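In my numbering, the protein residues as written are 99 to 154.
Taking it in order: structure first as structure tokens, then the write-up.
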Amino acid sequence: MAYVINDSCVSCGTCAGECPVSAIAEGDGQYVIDADSCISCGTCAGVCPTGAIEEG
Numbered sequence: 099m100a101y102v103i104n105d106s107c108v109s110c111g112t113c114a115g116e117c118p119v120s121a122i123a124e125g126d127g128q129y130v131i132d133a134d135s136c137i138s139c140g141t142c143a144g145v146c147p148t149g150a151i152e153e154g
């Protein structure tokens, strides 16, 4: 199951730099994860300083 970014996102960009498949991009107001590209590795969730990333 792909990860999703909730409203706690502060748009710091830390997650995007850590994603091994570049599935995370800056969206309107916060970052978003492309569910089709996400490999559910959890790396992004591990580096998010606000805990905004969770399994969707």
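All residues carry an ideal CB built from backbone N, CA and C; glycine is no exception.
Since we're looking at a predicted model, the values are computed, not measured.
**Prompt:** Whose CA, out of C142, A121, D126, G140, lies closest to the CA of D132?
**Reply:** If we check each option's Cα against that of D132, A121 comes out closest.
**Prompt:** Smallest Cα separation from N104: which of S135, G125, D134, C139?
**Reply:** The residue among S135, G125, D134, C139 with its C-alpha nearest the C-alpha of N104 is G125.
**Request:** Give me the Cβ distance between G154 and Y101, rounded to the nearest whole Å; I'm assuming they're in contact under 8 Å.
**Result:** That belief holds up - the Cβ atoms of G154 and Y101 are roughly 6 Å apart, short of 8 Å.
**Message:** Cutting at 6 Å between CB atoms, please list the residues of its own chain near T141, excluding the five before and the five after it.
**Reply:** Closer than 6 Å at Cβ, skipping near neighbours: E116.
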